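Participant: The structure's right below; bear with me while I get my questions together.
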Amino acid sequence: MLLMIYFLFFSLGQCSVDFNALLSFKDSVFDPSNSLSSWVNSSNPCIDSWYGVTCNPSTHRVTRLVLENLNLSGSTHSLHHLSYLRLLSLKNNRFFSSSAVNLSSWRYLRHLYLRQNLFSGTFPVGISTLRRLHRLDLSHNNFHGEIPMTELTQLPFLLTLRLESNSFTGPLNSIASFSSMSDFNVSENKLSGEIPAWMSRFPVSSFEGNGDLCGQPLQSDCFNRTALPATIKKKIRHPQSKRLSNGVVLMIVAVDVVAVMAALVTITWCCYKYKCFSDGTQTEAMETKSGSTTKLQRRSGSREVEIEAEELVMFEGCKGFRKVGDLLKSSAELLGKGNVGTTYKVVTDGGDMVVVKRVRQRRRRRDVDGWLRIMGGLRHANIVGLIAYYNSKDELLLVYEFLSNGSLHSLLHG
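Sequence positions in the sequence shown follow mature numbering (1 follows the signal peptide of the UniProt record, and there is no 0) and run -15 to -1, 1 to 399.
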């Protein structure tokens, strides 16, 4: 009988601890929607159904506290007295912590959700005491410092670890692995170093947003990142090596500057000489004074016969010729020469007149073919139609309709 009376008073005393902790929590938070109006001093949290509170029916201790999406703000310090909590969810509020969050009093906790709040400071203290923990979500807060991976791997039942969108730094080093973990995310932090091999089974999205993190599953090679710093460190460890004097350093810089300038002058001269030479050799055999006629021949060596036999790509309005040779053997009159190339008026054997432009500077052949086919299909009263072209790695010929009196002078003066 005495034992039953003692147990009754002990239970009532423990219930009052939870009761006082909840009321203290309500007094310390800002509740704009009055969501905690059912938490009143004259009622019982376990009997009168306080909002978000669930109790064990036999012990009358608070085991679940779910306050999500209520826009509550304030400190959660008084909740540490709810020592029998199995689940705590404060997602999507504005709770904050004036000091490091301490989890050591919740040794029975299985689910902890603090997502989308204003918690700050280092990683919560006492995480290794939560041996029954299954789900941990600290994402979208302001936590910083290193992640205690060694302590986390000591939690045998941990299935979820969500730490994304914080400011955690340092490596992801851990001695053991989470054999049972199925949900893992540390993206959008400031982590660095190599991802442990056992973490490579998680998707890339679990690690994105960490500029100095490398290794699988990220497409970033850790060897290239660590090779240079290691070399630098090796050199720093030998202070006995002689330092170069300022005079020697200035001399080296001066020599480098002179060498760079000489290289630039040489490259410029070679490019100028090559341009002059190539322009002269490619068009020398076919350029004459404007008004005179010649053959549109090209000194192509062994390639001349092959080029003449190749067919043009023809569009609407093309007649009197089909092959490159039909143009090369026709009479030609130089119309003009510019930076892009040289333009000729060509009269075919059948008496048809066309304009042939030989282009000097070219893009990649595949790109040119695509654009030329588009241009060949365009027909408009104010556009000179492209009626044929020939494109190879050595030559680009554009064949246009010939418009008599089509110069700017003729249009202005009649």
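The C-beta atom is built at its ideal place from N, Cα and C for all residues, glycine as well.
Here the structure is a predicted model, which means the values were calculated and not measured.
Any chance the stretch 52 to 59 sits against the stretch 12 to 26, with 3 or more Cβ pairs inside 8 angstroms?
Facilitator: Yes, since at least three Cβ pairs between the stretch 52 to 59 and the stretch 12 to 26 fall closer than 8 angstroms, the two stretches touch.
Participant: Excluding five sequence neighbours on each side, which residues of the same chain lie with their C-beta closer than 8 angstroms to the C-beta of isoleucine 372?
Facilitator: Numbered from its first residue, the sequence shown carries residue 372 at position 387. Taken in chain order, the residues that qualify are Met299, Phe300, Glu301, Gly302, Cys303, Val339, Gly361, Val384, Tyr385, Glu386.
Participant: How big is the Cα-Cα spacing for asparagine 87 and phenylalanine 4?
Facilitator: Position 102 of the sequence shown, counted from the first residue, corresponds to residue 87. Position 19 of the sequence shown, counted from the first residue, corresponds to residue 4. Taking the straight line joining both Cα atoms gives about 21 angstroms.
Participant: If you follow the beta strand (DSSP E) that aspartate 197 is part of, which residue opens it and which one closes it?
Facilitator: As a first step, residue 197 is located in the sequence shown; it is residue number 212 there, counting from the start. Residues 197 to 199.
Participant: When the Cα of asparagine 158 is compared with those of Leu72, Gly106, Pro133, which residue comes out closest?
Facilitator: In the sequence shown, counting from the first residue as 1, residue 158 sits at position 173. The candidate whose alpha carbon is nearest that of asparagine 158 is Pro133.
Participant: With a threshold of 8 angstroms on Cβ separation, who are the neighbours of phenylalanine 180 within its own chain once the five nearest residues in sequence on each side are excluded?
Facilitator: Here residue 180 corresponds to residue number 195 of the sequence shown, with the count starting at 1. The question names phenylalanine, but residue 180 is isoleucine in the sequence shown. Contacts found: Leu157, Phe192, Leu198, Cys199, Gly200, Gln201, Pro202, Leu203.
Participant: Rank Ser205, Phe104, Asp337, Ser34 by C-alpha distance to the C-alpha of serine 315 and give the top, closest one.
Facilitator: Here residue 315 is taken as the residue at index 330 of the sequence shown, counted from 1. Serine 315 has its Cα closest to that of Asp337, out of Ser205, Phe104, Asp337, Ser34.
Participant: Starting from threonine 107, trace the beta strand (DSSP E) both ways and give me its first and last residue.
Facilitator: Counted from its first residue, the sequence shown places residue 107 at position 122. Here threonine 107 belongs to no beta strand (DSSP E), and DSSP marks it neither H nor E.
Participant: Taking 7 angstroms as the cut-off, is the beta-carbon of valine 242 closer than that to any non-hydrogen atom of the ligand COA?
Facilitator: Here there are no bound small molecules, and the ligand COA is not part of this structure.
Participant: Ordered along the chain, which non-local residues of its own chain (more than five positions away) have a Cβ less than 6 angstroms from that of glycine 155?
Facilitator: The count along the sequence shown starts at 1 and reaches residue 155 at position 170. Glu131, listed in sequence order.
Participant: Give a yes or no on whether the C-beta atoms belonging to valine 331 and valine 341 are separated by under 8 angstroms.
Facilitator: Position 346 of the sequence shown, counted from the start, is the residue given in the question as residue 331. Position 356 of the sequence shown, counted from the start, is the residue given in the question as residue 341. In this structure, valine 341 lies closer than 8 angstroms to valine 331 by Cβ.
Participant: Which residues bound the beta strand (DSSP E) around methionine 166?
Facilitator: Translated into the one-based positions of the sequence shown, residue 166 becomes position 181. Counting along the chain, methionine 166 falls outside any beta strand (DSSP E), and DSSP gives it neither H nor E.
Participant: Between the alpha carbons of serine 90 and serine 63, how many angstroms are there, rounded?
Facilitator: Taking the sequence shown and counting its residues from 1, one reaches residue 90 at position 105. Taking the sequence shown and counting its residues from 1, one reaches residue 63 at position 78. Their backbone Cα atoms lie some 11 angstroms apart in a straight line.
Participant: Between phenylalanine 80 and leucine 103, how many whole angstroms is the CB-CB distance? I'm expecting something under 8 angstroms.
Facilitator: Walking along the sequence shown from the start, residue 80 turns up at place 95. Walking along the sequence shown from the start, residue 103 turns up at place 118. Between leucine 103 and phenylalanine 80 the Cβ distance is about 7 angstroms, and since that is below 8 angstroms, they are a contact.
Participant: Would a C-beta distance cut-off of 8 angstroms place threonine 138 and phenylalanine 163 closer than the cut-off?
Facilitator: As a working mapping, residue 138 is identified with position 153 in the sequence shown. As a working mapping, residue 163 is identified with position 178 in the sequence shown. Going by C-beta atoms, threonine 138 is nearer than 8 angstroms to phenylalanine 163.
Participant: Check valine 369 in the structure and name its three-state DSSP category.
Facilitator: On the sequence shown, position 384 is the one that residue 369 refers to. Reduced to three states, the DSSP call for valine 369 is coil.
Participant: Out of curiosity, what's the CA-to-CA distance linking leucine 363 and glycine 310?
Facilitator: Position 378 of the sequence shown holds residue 363. Position 325 of the sequence shown holds residue 310. Cα to Cα, the separation comes out at about 26 angstroms.
Participant: Where does aspartate 122 fall in DSSP's three states?
Facilitator: By 1-based counting over the sequence shown, the position of residue 122 is 137. Strand.
Participant: Of the choices Leu313, Leu75, Gly196, whose alpha-carbon is the least far from that of leucine 99?
Facilitator: Locating residue 99 in the sequence shown gives position 114, where the first residue counts as 1. That would be Leu75, whose Cα lies nearest to the Cα of leucine 99.
Participant: Do serine 28 and tyrosine 36 come within 8 angstroms of each other at the CB atom, strictly closer than that value?
Facilitator: Counted from its first residue, the sequence shown places residue 36 at position 51. Counted from its first residue, the sequence shown places residue 28 at position 43. Taking 8 angstroms as the Cβ cut-off, tyrosine 36 and serine 28 do not qualify as a contacting pair.
Participant: May I ask you to report which of helix, strand or coil DSSP gives serine 46?
Facilitator: Working through the sequence shown from its first residue, we reach residue 46 at position 61. For the sequence presented, residue 46 should be read as arginine rather than serine. Coil, per DSSP.
Participant: Could you check whether arginine 307 and leucine 297 sit closer than 8 angstroms to each other, using their CB atoms as the reference points?
Facilitator: Position 312 of the sequence shown, counted from the start, is the residue given in the question as residue 297. Position 322 of the sequence shown, counted from the start, is the residue given in the question as residue 307. A contact, by the Cβ cut-off of 8 angstroms.
Participant: Please work out which residues of its chain come closer than 8 angstroms, Cβ to Cβ, to glutamine 101, disregarding the five sequence neighbours upstream and downstream, and give them in chain order.
Facilitator: Position 116 of the sequence shown holds residue 101. Closer than 8 angstroms at Cβ, skipping near neighbours: Lys76, Asn77, Asn78, Ser124, His125, Asn126.
Participant: Would you kindly work out how many angstroms separate the C-alpha atoms of isoleucine 112 and glycine 106, rounded to a whole number?
Facilitator: Reading the sequence shown from its first residue, position 127 is the one you call residue 112. Reading the sequence shown from its first residue, position 121 is the one you call residue 106. Taking the straight line from one Cα to the other gives about 14 angstroms.
Participant: In the DSSP assignment, find the unbroken beta strand (DSSP E) run with glutamate 136 in it and report its ends.
Facilitator: Reading the sequence shown from its first residue, position 151 is the one you call residue 136. Premise fails: glutamate 136 lies in the alpha helix (DSSP H), 134 to 137, not in any beta strand (DSSP E).
Participant: Could you tell me the distance, in whole angstroms, from the CA atom of glutamate 380 to the CA atom of glycine 355?
Facilitator: Taking the sequence shown and counting its residues from 1, one reaches residue 380 at position 395. Taking the sequence shown and counting its residues from 1, one reaches residue 355 at position 370. Rounded to whole angstroms, glutamate 380 to glycine 355 spans 16 angstroms at the Cα level.
Participant: Can you find the residues in the same chain that come closer than 6 angstroms, C-beta to C-beta, to tyrosine 375, ignoring five residues on each side of it along the sequence?
Facilitator: Residue numbering aside, residue 375 sits at position 390 when the sequence shown is read from its first letter. Answer for tyrosine 375: Leu297, Val309, Leu382, listed in chain order.
Participant: Does the beta-carbon of leucine 249 have 16 or more other beta-carbons within 10 angstroms, so that it is buried, or is it exposed?
Facilitator: The count along the sequence shown starts at 1 and reaches residue 249 at position 264. Exposed is the call here.
Participant: What residues match up with serine 60 in a beta bridge as DSSP calls it?
Facilitator: The count along the sequence shown starts at 1 and reaches residue 60 at position 75. According to DSSP, serine 60 bridges with Phe81.
Participant: Quick check: what's the CA-CA separation for proline 214 versus histidine 96?
Facilitator: Counted from its first residue, the sequence shown places residue 214 at position 229. Counted from its first residue, the sequence shown places residue 96 at position 111. In this prediction, proline 214 scores a pLDDT of 47, lower than 50, which makes its location untrustworthy; no coordinate-derived value is stated.
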